[in-house]
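If you count by this note's numbering, then the sequence shown holds residues 6 to 344, one letter each, in order.
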Amino acid sequence: MTDLPDEKTAKAPAIPPTMDDVAALAKVSRAVVSRALSASPRPVSADKRDRVLKAAEALGYRPNLLAQSLTTKRVNLVAVVVNHIHDLSDLDLFDRLLGAIQAVGKQVLLLKVGSVDRVEEFLRDGVAHHVDAALVWSDFADAATVRRMFRSDLVVMMNGRHDALSPAVVPDEAVGIGEAVADAAAKGVRRAALVTGRASSLIEQARIASFRVAFAAHAITLEQTLQGDYSYASGHRAASAFLSGPSPDAVFCTSDAMAMGVLDACRPLFPNNRPQRFRLYGFDNLSLTDYDAYPIASIGFDKALFVEHITRLVVEPDVFVPGSPPVSVPTHFFPRATA
C-alpha cells in the first residue's frame, strides 16, 4: 500500500498568473492589459501592448476566453455558410475572405448547406456554436432563417435573400454584362448561346435577366440556353451542342469554370486560343484566366473591395441602418483572347 504524502511534504498546486499579475509586471492598468490581449479594436499604444505581451509571456499567462466572451458578449467566431466550395470562383474569394476575417481577430466556422432539407436539419437540431456574425452565400436560406440558426442579429447576406433587418453585399452585375455584350456586338455577334448555373439561385436569375436585357439592347438573338451548375464538367457537357450543329456567334457562360469546360471541349475551334467559329465569354474573372491555358474574356468585380465591405460590417455592425439597400460592388468586362 502506498503512503499518501503528509501536509509538510505535499507540494501546493501552482497558482496560475492573473491579469493583475500581468498588469503589475508591465506597470500598466488592468484595463490596458485587457485591451492589449483582446481582439477588440479598442486602442492601446504600441509601447504598452509590447510590455503587456512580454509580461504575459514571462508569467505564462493565458487569457480566459470564456470569461472574455461573457464580458464582451463576443466569441470572435464568424460563420460562413455556403452550398459548397468546389467552384473555382469560391477558392479565389474565400481565400481572401478568411485572411481578412482572421486579420481582425476572429476565426471562421465553415458550414456547408447543400439543400433546403439541410437547413431544416440545422434548425431542428440546433447549431452548436454561437457566433458574432454569419456570412451567407448559400441560396437555400433566407435572412430570417439564418438569424434563427445562429441566434444572432448580424447576418450578412450575399445570396439575394436579405430582408430589411439584414445587411447585404452584392455585385452590380448588369454593368459588366452590358460591357461584355457590347463588346460582342461591336465584333459582329448577332446570335448567342447562354450556359447558365443553378436555376434556383436568385443571383443567377438576376444574372440571366441582365443578359437578356443586354442582348435585346444590342439586337443579339439568344438562340440557345443550356442548363449547367457552374462547374467545369457542366460546361464541358454543354459544349456538345456547339460541336454537333451550327454554332452561335458567341457563347456566354455564367461562370468561368463552365467557360473553361467549353474551351477544352472545343479546343480545335480555338487555335492559339483565338475564336474560329464562335467567341467565348465567362463570368467571375478568375485568377486562372490570366494564365495562357485559359485566356477567357470575363466579367468580374474587385474581390478585395467586396471582402472589405463584408469585413467592415463584421467589425462595425452599427454602420448598417435597418432598411438600407444592399452595398453594391460594380462589375466590369475584362477582354481576353477567346473573345
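Note that CB positions come from ideal geometry on N, CA and C, so glycine has one too.
The structure presented is a predicted model; accordingly, all values stated were derived computationally and were not measured.
Inter-residue distance for Val180 and Ser39 is about 47 angstroms (C-alpha atoms, whole angstroms).
For Met162, there is no enclosing alpha helix (DSSP H); the enclosing beta strand (DSSP E) covers residues 160-162. Here the region 175-195 makes contact with the region 296-315; the two share three or more CB pairs at distances below 8 angstroms. Using a Cβ distance threshold of 7 angstroms, Ala255 and Ala197 count as a contacting pair. Contact between the region 307-319 and the region 199-218 is absent: fewer than three C-beta pairs spanning the two stretches fall below 8 angstroms. Residue pairing of Thr336 in beta bridges, as defined by DSSP: Phe306.
Thr226 is bridged by DSSP to Arg196. Beta bridge pairing from DSSP links Pro176 with Val334. Using a 10 angstroms sphere on the CB of Leu42, the tally of other CB atoms reaches 16 or more, which defines it as buried. In the three-state reduction of the DSSP assignment, Val27 falls in the helix class. The beta carbon of Leu82 sits closer than 7 angstroms to those of Lys111, Gln112, Leu114, His134, Val136, Asp137, all from its chain and outside the five residues before and after it, given in chain order. When Arg341, Ala29, Gly266 are compared, the shortest CA-CA separation from Asp297 is found for Arg341.
Comparing C-alpha distances from Ser249 to each of Ser260, Cys258, Tyr237, Cys271 shows the shortest one belongs to Cys271. In the three-state scheme derived from DSSP, where H, G and I count as helix and E and B as strand, Leu291 is classed as coil. Counting only residues of its own chain and dropping the five nearest sequence neighbours on each side, Gln281 has a CB closer than 7 angstroms to the CB of Leu274, Phe275. The Cβ atoms of Gly266 and Tyr237 lie closer than 7 angstroms to each other. Burial check for Gly233: the Cβ neighbour count within 10 Å reaches 16 or more, so the residue is buried.
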